[in-house]
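The opening residue of the sequence shown carries number 309 in the numbering used here; numbering runs sequentially from there. Here the structure is laid out as structure tokens; the discussion comes afterwards.
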Amino acid sequence: MYSEIRKREMIKNTVFMIFILILAIIPTHYIYYKFQENRSIDFSSDSLDVTYHESTGDKLTLSKVTPVTDSVGLSSSKAYLVSIQNNLTEKVNYKIRILQDKETILADECEEYLIPEEDIRVSVKINKKENKIYNLNELEDGILLEDTIKALGNNSITIRLWVNQDSSLPRGAFLHYHGIIQVEEENSSIAIGVEDED
Numbered sequence: 309m310y311s312e313i314r315k316r317e318m319i320k321n322t323v324f325m326i327f328i329l330i331l332a333i334i335p336t337h338y339i340y341y342k343f344q345e346n347r348s349i350d351f352s353s354d355s356l357d358v359t360y361h362e363s364t365g366d367k368l369t370l371s372k373v374t375p376v377t378d379s380v381g382l383s384s385s386k387a388y389l390v391s392i393q394n395n396l397t398e399k400v401n402y403k404i405r406i407l408q409d410k411e412t413i414l415a416d417e418c419e420e421y422l423i424p425e426e427d428i429r430v431s432v433k434i435n436k437k438e439n440k441i442y443n444l445n446e447l448e449d450g451i452l453l454e455d456t457i458k459a460l461g462n463n464s465i466t467i468r469l470w471v472n473q474d475s476s477l478p479r480g481a482f483l484h485y486h487g488i489i490q491v492e493e494e495n496s497s498i499a500i501g502v503e504d505e506d
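What follows is the structure, encoded as structure tokens:
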């Protein structure tokens with residue numbers, strides 16, 4: 309009698325655990341594949357595939373004047389993540405440029421409200437290397453990074469923007485910055501948009 313009750317209790321617990329596992333697996337599976345879809349290739353060049361992991365794609369935005377130190381900027385500013393995949397069996401040299409998003413500036417008619425580039429700090433980090441930090445106006449031709457990606461390699465790049473702590477701009481001022489991240493190969497071919505297959 310006692311073993312019969314125990315057996316029923318074990319069956320009931322097993323069914324309950326299976327039900328809980330199913331409830332956990334289905335949403336996890338859905339979230340994983342939804343995330344994978346969001347990581348589809350955005351741009352391609354002759355040999356590189358470029359994926360932007362933010363909903364804004366290749367666009368960078370700094371929306372208010374909050375001057376901070378570099379350490380605070382590195383820890384609290386928005387991270388723009390970019391993956392670059394080399395599809396060749398040889399290494400490829402490439403550049404990343406940060407350029408003004410003239411199209412957005414023109415559409416918003418906001419040229420007089422832009423944060424001056426000398427007041428903007430920008431950092432770049434490749435994979436797990438240390439951050440390199442610059443003033444945006446110091447970048448020659450907008451070149452933030454010149455690097456080599458190994459054959460069939462993948463580089464993960466993090467870019468951050470913040471207002472320099474020494475800026476004389478009034479805190480909270482209605483100023484902003486619109487930029488784009490441009491990936492260019494050594495042969496000057498620029499990664500261009502990939503059409504959706506819908």
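Beta carbons: idealized from backbone N, C-alpha and C, even for Gly.
*In the structure shown, what three-state DSSP assignment does V491 receive?*
strand
*Determine, using beta carbons only, whether V471 and T412 come nearer to each other than 9 Å.*
no
*asked:* So the candidates are E426, R405, G365 and D350; which of them puts its Cα closest to the Cα of D455?
replied: R405
*With DSSP run on the structure shown, which of helix, strand or coil describes V323?*
helix
*Between the stretch 354 to 363 and the stretch 418 to 435, do three or more beta carbon pairs fall short of 8 Å?*
no
*Own chain, CB closer than 8 Å to S497, minus 5 neighbours either side, in chain order*: S353 and D354
*With R479 and A387 assumed to form a contact (beta carbons below 8 Å), what rounded beta-carbon distance in angstroms separates them?*
Going by Cβ atoms, the distance from R479 to A387 rounds to 23 Å, so no, they are not a contact pair.
*Tell me the DSSP bridge mates of A332?*
Partner(s): none; A332 has no beta bridge.
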